[in-house]
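Chemist: Residue numbers (the working numbering): 2 to 573.
All C-beta atoms, glycine included, are put in the ideal place defined by N, C-alpha and C.
Quantities reported herein were computed from a predicted structural model and do not represent experimental measurements.
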């Protein structure tokens with residue numbers, strides 16, 4: 002007869018030697034081999050559950066990454082779910098099939114009872130019993146699911162209601178109804194509470210999913226019935242002052258939202274997809290304090306280079322990195338540090354994300370002819386000391402930024418390159434003259450954002466030999482220097498054990514890893530010679546520059562983040 006142990010052996014989880022040892026122990030102890038494997042601690046609960054699901058011929062489901070479906074939770078009362086240790090998580094309105102996570106998916110008596118109670122055909126999935134014990138009460142009491150469940154009960158979803166939702170002439174009445182307004186408010190309140198930076202409301206064929214970007218990673222948190230999608234989108238459109246009857250073209254808008262004493266500015270973007278309109282809302286917290294450069298994660302020689310560069314009255318400081326790498330936040334931190342009544346600071350942004358008192362911030366408007374280039378040309382007549390240009394996108398903007406720096410202005414801007422040394426050849430590609438670049442660029446910062454380990458469940462562990470070898474290769478002499486300075490024979494790394502404070506991710510909050518290239522006389526000569534990025538990088542490292550992944554590895558050794566997180570963002 003096939004056993005869980007045999008499935009684990011076939012899947013490569015157990016080795017032949019381990020399996021034979023367990024088999025021998027089973028003969029001598031009288032216990033089943035499965036019992037011995039489960040109690041050995043060599044195999045995780047998830048691996049055992051996956052093997053069990055394979056053995057039973059059912060699908061395995063992990064509750065940690067599963068989104069809540071208020072509509073599915075409505076079909077089975079909480080008391081029943083807790084007693085039988087089951088969790089309804091998905092419902093198909095067309096086939097009337099309810100997907101349920103169970104500790105024992107072969108319990109036909111429980112399945113028959115659930116079918117009678119829910120009036121749906123049950124599709125059982127196997128889940129880890131311990132996870133079910135924790136997740137069932139949490140899912141039913143979770144504010145997001147509980148409140149939306151109540152709302153869905155209120156909005157009796159009959160066929161006539163569906164017609165009303167799809168009827169453009171009468172849609173205004175539907176979306177102003179309390180249930181739909183409550184759904185949108187609940188989704189936004191949860192976003193504020195969970196520190197999300199973006200909310201995605203996405204239509205799928207048979208449902209609508211709501212995902213939140215928390216600490217840079219998208220997490221699916223809520224499933225809504227497809228019936229309410231158009232009404233929810235239209236509610237967001239009305240708040241953003243967008244056209245609710247225009248669904249064929251993308252639209253952009255914004256509105257303010259207050260939750261728990263915190264005011265949030267939301268930038269809204271709609272996009273027509275094959276399944277309906279998708280909405281993405283970017284949350285910009287007005288009350289959040291601008292972090293200092295040290296709080297962002299800059300320190301040592303990197304911090305000194307930036308502080309020296311921003312204290313001179315002229316020159317260009319560039320922040321580089323891909324979209325979402327925190328470039329704008331770094332620029333705001335620099336402006337906040339320089340903002341005094343003695344200087345005139347003007348910014349040209351797309352869009353203005355945070356408003357800073359005392360800074361003249363301008364939103365570009367290409368339709369009206371206000372671009373980065375035209376705005377920068379006008380700025381020079383406004384008697385500025387410091388100019389911030391959101392992004393250098395073309396030759397004209399690059400040329401104007403260089404001219405502004407050469408005429409006694411301090412210019413800050415961003416550029417989309419992967420490394421700090423790559424910014425200089427990129428500007429040369431934009432037809433910038435090498436001799437002008439060499440005398441105007443003072444500092445280039447490349448950065449990425451990593452998730453910080455949750456302080457509530459942080460634990461240390463000894464890294465594998467492969468990880469140590471990788472650190473030695475990347476850090477070079479810095480590896481031994483770090484161990485000596487901390488009196489360590491072996492490196493110690495850290496990770497999050499996963500807890501409720503970090504929503505079982507092991508991470509909470511974010512910090513930057515940086516690479517700061519100071520344009521010295523030697524680097525200036527290399528720019529004049531149009532040296533490639535690799536040569537410029539080598540020269541900067543020889544001058545003491547810390548590469549981005551080296552900064553990340555040191556922060557992993559210090560326990561700020563994990564090695565996996567650094568490798569995720571720093572490998573280009």
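1) Express the C-alpha separation of residue 7 and residue 96 in angstroms, rounding to a whole number.
2) Determine the direct distance from the alpha carbon of residue 455 to that of residue 335, and round the result to whole angstroms.
3) Excluding the 5 residues flanking residue 493 on each side, which residues of the same chain have their C-beta closer than 6 Å to its C-beta?
4) Which residue's Cα is closest to the Cα of residue 359: 345, 350, 366?
5) In the DSSP assignment, find the beta strand (DSSP E) that holds residue 415 and state where it starts and stops.
6) Three or more C-beta pairs closer than 8 Å, one from the region 437-447 and one from the region 317-331: is that the case here?
7) At 4 residues or longer, what runs of the alpha helix (DSSP H) sit wholly inside the region 69-103?
8) Excluding five sequence neighbours on each side, which residues of the same chain lie with their C-beta closer than 6 Å to the C-beta of residue 553?
9) Tell me, which residues are paired with residue 274 by DSSP?
10) Check the DSSP bridge columns for residue 122 and list the partner residues they point to.
11) Since residue 211 and residue 202 should fall inside the 8 Å C-beta cutoff, what is the C-beta to C-beta distance between them, to a whole number of angstroms?
12) So which of 200, 278, 528, 442 has the shortest CA-CA distance to residue 307?
13) Can the beta-carbon of residue 248 be found closer than 8 Å to that of residue 278?
14) Name the residue from 39, 119, 99, 309 whose alpha carbon lies nearest to the alpha carbon of residue 411.
15) Could you tell me which residues DSSP pairs with residue 204 in its beta bridges?
16) Does the Cβ of residue 561 have 16 or more other Cβ atoms within 10 Å, making it buried, or fewer, making it exposed?
17) Are the beta-carbon atoms of residue 405 and residue 381 separated by less than 8 Å?
18) Rounded to a whole number of angstroms, what is the C-alpha to C-alpha distance between residue 121 and residue 497?
19) Whose C-beta lies closer than 6 Å to the C-beta of residue 270 among residues of the same chain, with five residues either side of it excluded?
20) Just list the residues that DSSP pairs residue 442 with in beta bridges.
21) Thinking C-alpha only, which one of 472, 65, 457 is nearest residue 464?
22) Between which two residues does the alpha helix (DSSP H) harbouring residue 241 extend?
Modeler: In terms of the structure at hand:
1) 36 Å
2) Just so you know, the alpha carbons of residue 335 and residue 455 end up roughly 27 Å apart.
3) 461
4) 345
5) Segment 411-416, the beta strand (DSSP E) holding residue 415.
6) yes
7) 71-74, 79-85
8) 514, 567, 571
9) 277.
10) 98
11) About 6 Å; that satisfies the 8 Å criterion.
12) For the residues 200, 278, 528, 442, the minimum Cα distance to residue 307 belongs to 442.
13) yes
14) 309
15) DSSP lists 209 as the beta-bridge partner residues of residue 204.
16) Per the 10 Å Cβ criterion, buried.
17) yes
18) Roughly 39 Å between the two C-alpha positions.
19) 253, 281
20) 317
21) Minimum Cα distance to residue 464 is reached at 472.
22) Careful: residue 241 lies outside any alpha helix (DSSP H) and carries neither H nor E.
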